[in-house]
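Sequence positions in the sequence shown follow the UniProt record's numbering and run 1 to 349.
As C-alpha cells, the structure follows; a few thoughts come after it.
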Amino acid sequence: MIEDELAQSLRQIIIDYQAFDGDETQISERNIKTWANQFNDPLFILTEMNHLLPKCYVSKKKGIDFFNKELEEVANINNVSKNELLKQSSFLNLQGSEKSQAYINELIIESLIDELPKDSLLNKHNKKFYFYFDDIIATGGTIRRNLKQWLESTESEGEDPIVKKIKDKKIKLYIIVLGLQNWGWANTEYYLMQTVDKQIDKLLNKRVLIEIENHPRFRNQQFNCCYPIKNENEIINTYFNSLEQMQYEASAFRPSNLPIKEEFYSNAANRNKLEQEFLLKGIELLNKLDIVKQNQRPLGFCHPNHKILGCGTMFFSWRNIPNNSPLVFWWNVPGHNWTPLFNVINRGS
Numbered sequence: 001m002i003e004d005e006l007a008q009s010l011r012q013i014i015i016d017y018q019a020f021d022g023d024e025t026q027i028s029e030r031n032i033k034t035w036a037n038q039f040n041d042p043l044f045i046l047t048e049m050n051h052l053l054p055k056c057y058v059s060k061k062k063g064i065d066f067f068n069k070e071l072e073e074v075a076n077i078n079n080v081s082k083n084e085l086l087k088q089s090s091f092l093n094l095q096g097s098e099k100s101q102a103y104i105n106e107l108i109i110e111s112l113i114d115e116l117p118k119d120s121l122l123n124k125h126n127k128k129f130y131f132y133f134d135d136i137i138a139t140g141g142t143i144r145r146n147l148k149q150w151l152e153s154t155e156s157e158g159e160d161p162i163v164k165k166i167k168d169k170k171i172k173l174y175i176i177v178l179g180l181q182n183w184g185w186a187n188t189e190y191y192l193m194q195t196v197d198k199q200i201d202k203l204l205n206k207r208v209l210i211e212i213e214n215h216p217r218f219r220n221q222q223f224n225c226c227y228p229i230k231n232e233n234e235i236i237n238t239y240f241n242s243l244e245q246m247q248y249e250a251s252a253f254r255p256s257n258l259p260i261k262e263e264f265y266s267n268a269a270n271r272n273k274l275e276q277e278f279l280l281k282g283i284e285l286l287n288k289l290d291i292v293k294q295n296q297r298p299l300g301f302c303h304p305n306h307k308i309l310g311c312g313t314m315f316f317s318w319r320n321i322p323n324n325s326p327l328v329f330w331w332n333v334p335g336h337n338w339t340p341l342f343n344v345i346n347r348g349s
C-alpha cells in the first residue's frame, strides 16, 4: 500500500531521532501511520511530510558536519588553523548542564577527537574567540537573557566588561546554531541594543544552518513555517476571537498572496490545506485542557502577550523538537487520546 511506502520513507528521514545510544529511532512505521490516521486525510499528511521533513529535519551527522564546517570557516576568516583557533577559543555554556547548549558543546568536542582536551574549551576566560552554540533560537528569550548577563560581565576584577572588549576588537563572539527564527532574532538584537549597547547588532557574528523566515513585517519571506491564512472556519475564528491578547493581532494570519513564490511546501494549495489541518487539530487538543496557559497555542507555544496562533516552527533535530512547533507533532498528554509523531524531552502540557 502507498501509505506503507510513505511511512517507510518518512521513517528513513527521521531514523536517528533520539537514537542516543547509536540505535535506530524507536519511531516505527506503525507509529507514523497511527499519527497520520488522526487527521482527515492521512495520505495527504504522509505525502506532504515526505516533502517537508528533508528541508527541516537535521540529522545528527548533518548537525555535526555543520558545526565543524563553521569552525573551519571561522578559522579561515581569522587566518589561523583550526587547531590554533581551538586553542584560543571558549565554548560558552550559559544555559546550565541540563539544557541543549551543554549537549551541543559536548557533541562538538567529541567530534574533534583528540585535537584538544575537553576542559580547555569549556567556560574558559581570557580567550580570543567565544562560541555560543545551540540547536535553535526561536522566540529568543533564552539567548537574550544569557547574552545580556554575559556581555555585561567581566572576566577578571577591574577589567572592562566583555561587550567593551568585543567593541575594541580584543575578542570575538560567534553565535552558531542549527535553526533560527528571524522574528525571534530581530527581537533579540533589539533587546540587546536597548539594554546593552546600541551597536551590538554589528558585533554579533551569527551563522545558521536553517533560517526560519517568520517575521511578519519583513518583505520577501518564504514563511518556511506553519502560518495559515484567514478564512471563514467557525472553529478557528471562535478560538482566535477568544484570545484576550492584543499585540501582533494584525499579523496573526498570513496574507493570502504571500509568499510570493512557494518554495517550502509542495505547492500553495497544499500549504493552505496542511496549515488548516494542523491548526484545527491543535485547537482541538487545547480544548481538552481544563486550564490553558497564556503561551499555549495550537501552532506551538509563543510569547504570552502576542495574539497569534503560535510560532508554527517547522524545525526538528535528532535530539528534540521545540515546543513552539505545532502541537500535533509533540502533544502527549494523558487522556487526550493523541499519538505524537515525536516524543520529546522535558516537555509537559
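Just so you know, even glycine gets a beta-carbon here, dropped at the ideal spot from N, CA and C.
query, result
"Leu-52 and Tyr-265 closer than 8 Å at C-beta", "yes"
"At least three beta-carbon pairs within less than 8 Å, the region 172-180 to the region 135-143", "yes"
"Distance between Tyr-190 and Lys-128 (C-alpha atoms, nearest Å)", "26 Å"
"Sub-8 Å separation of Lys-148 and Val-196 beta-carbons", "yes"
"Cβ-Cβ separation, Trp-318 to Lys-60 (assumed contact under 8 Å), whole Å", "4 Å"
"Identified DSSP bridge partners for Lys-206", "Ile-175"
"Selection from Ile-260, Ile-212, Arg-145 that minimises the alpha carbon distance to Asn-324", "Ile-212"
"Nonlocal neighbours in the same chain, by C-beta distance under 8 Å from Arg-217, ignoring five residues either side", "Ser-251"
"Residue burial classification, Ala-7 (beta-carbon count within 10 angstroms, cutoff 16)", "buried"
"Exposure of His-125, with buried meaning 16 or more beta-carbon neighbours within 10 Å", "exposed"
"Asp-65: first and last residue of the uninterrupted alpha helix (DSSP H) it sits in", "60-77"
"DSSP bridge partner residues for Ile-212 (one or two, in chain order)", "Gln-181"
"Nonlocal neighbours in the same chain, by C-beta distance under 8 Å from Asn-50, ignoring five residues either side", "Leu-6, Ser-9, Leu-10, Ile-13"
"Rounded separation between Tyr-17 and Tyr-103 - CA only", "15 Å"
"Span separating the alpha-carbon of Asn-332 from that of Leu-46", "20 Å"
"Cβ shell of Asn-233 (< 8 Å), same chain only, five flanking positions each side left out", "Gln-276, Leu-280"
"Phe-315 (DSSP reduced to helix, strand or coil)", "coil"
"Helix, strand or coil at Phe-264 according to DSSP, with G and I counted as helix", "coil"
"Among Lys-167, Pro-228, Asn-224, the one whose alpha carbon lies nearest that of Gln-199", "Lys-167"
"For Phe-131, the three-state DSSP class (helix, strand or coil)", "strand"
"Stretch-stretch touch, CB-based, cutoff 8 Å, three pairs: the region 298-315 with the region 220-227", "yes"
"C-beta atoms of Ile-283 and Pro-304 nearer than 8 Å", "no"
"Phe-240: first and last residue of the uninterrupted alpha helix (DSSP H) it sits in", "234-242"
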